[in-house]
Amino acid sequence: QKEVEQNSGPLSVPEGAIASLNCTYSDRGSQSFFWYRQYSGKSPELIMFIYSNGDKEDGRFTAQLNKASQYVSLLIRDSQPSDSATYLCAVKIGGAQKLVFGQGTRLTINP
Amino acid sequence: DTEVTQTPKHLVMGMTNKKSLKCEQHMGHRAMYWYKQKAKKPPELMFVYSYEKLSINESVPSRFSPECPNSSLLNLHLHALQPEDSALYLCASSQPYGAGVGDEQYFGPGTRLTVT
């Protein structure tokens with residue numbers, strides 16, 4: 013079992029709809045969870061982080077964490093073509109300085 | 008404005024060359040990282056420095072040699088690389104684990120390395 017798993021996609025969503033990206037992780041001791049957006053040819057950009065169970069909202073983005081189910085998700089409301097990118101889920105493995113990344117989900121927003 | 012900068016943006020080197028990648032952060036962080044990213048793959052951790060000391064080496068070949076001259080600078084010295092080492096090399100910084108504050112990692116723009 014991979015430490016961090018994401019659907020690789022591609023995920024196609026119409027403009028203005030909600031895009032839902034999912035991630036599961038295997039280490040129950042994990043405490044820190046991150047979502048990065050990466051445009052083709054660019055470096056990863058941190059867009060959300062969450063440490064506690066529940067929802068965290070920032071503009072059009074909402075991160076959701078359920079530690080009991082070992083599940084973290086990212087919702088993008090009112091999706092825009094500029095949201096088309098690869099989204100990387102990353103988990104800080106318990107007790108370590110190390111970030112473990114999922115394989116990334118490629119998201120396409122269709123005008 | 009990015010607060011983690013990397014130079015050069017692009018680098019082409021032969022297998023016998025010696026070159027260095029440079030990273031600087033202006034975020035007051037005390038942990039810095041080198042990652043390697045191949046196309047369509049996630050970043051792969053290479054090295055971690057915490058308080059200017061090497062804390063993690065992910066079994067990286069010795070042809071890659073990291074250096075952390077001070078808390079805001081990180082170098083990666085390259086020697087006798089192979090074509091398969093061609094990739095995007097990313098630097099990141101954060102507060103160290105256990106510092107009692109958020110430990111989000113912020114990436115620089117990367118150096119696109121091609122080994123011929």
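So the sequence lines, in the order shown, correspond to chains V and S.
Be aware that the first sequence starts at 13, since it is given in this note's numbering, and climbs by one per residue.
Be aware that the second sequence starts at 8, since it is given in this note's numbering, and climbs by one per residue.
Positions of the beta carbon are idealized from the N, C-alpha and C atoms, including for glycine.
The stretch 54-67 of chain V and the stretch 63-76 of chain S do not touch, with fewer than 3 CB-CB distances between them shorter than 8 angstroms. Taking all protein chains in view, the Cβ of residue 102 of chain V is crowded by 16 or more other Cβ atoms within 10 Å, so the residue is classified as buried.
If you check the CB distance, residue 82 of chain V and residue 48 of chain V do not come in under 8 angstroms. The beta carbon of residue 20 of chain S lies closer than 8 angstroms to those of 26, 85, 88, 120, 121, 122 and 123 in the same chain, with the five residues before and after it left out.
Nearest C-alpha to residue 40 of chain S among S:46, S:24, S:69 and S:13: S:13.
Here DSSP, grouped into helix, strand and coil, assigns residue 91 of chain S to helix. The DSSP-derived three-state label of residue 100 of chain S is strand. Rounded to the nearest angstrom, the Cβ distance from residue 98 of chain V to residue 71 of chain V is 20 angstroms, too far for a contact under 8 angstroms.
If you look at residue 77 of chain S, you'll find it in the beta strand (DSSP E) that goes 71-77.
Shown in chain order are the members of the stretch 20-41 of chain S whose Cβ falls below 9 angstroms from a Cβ of chain V: 38 and 40.
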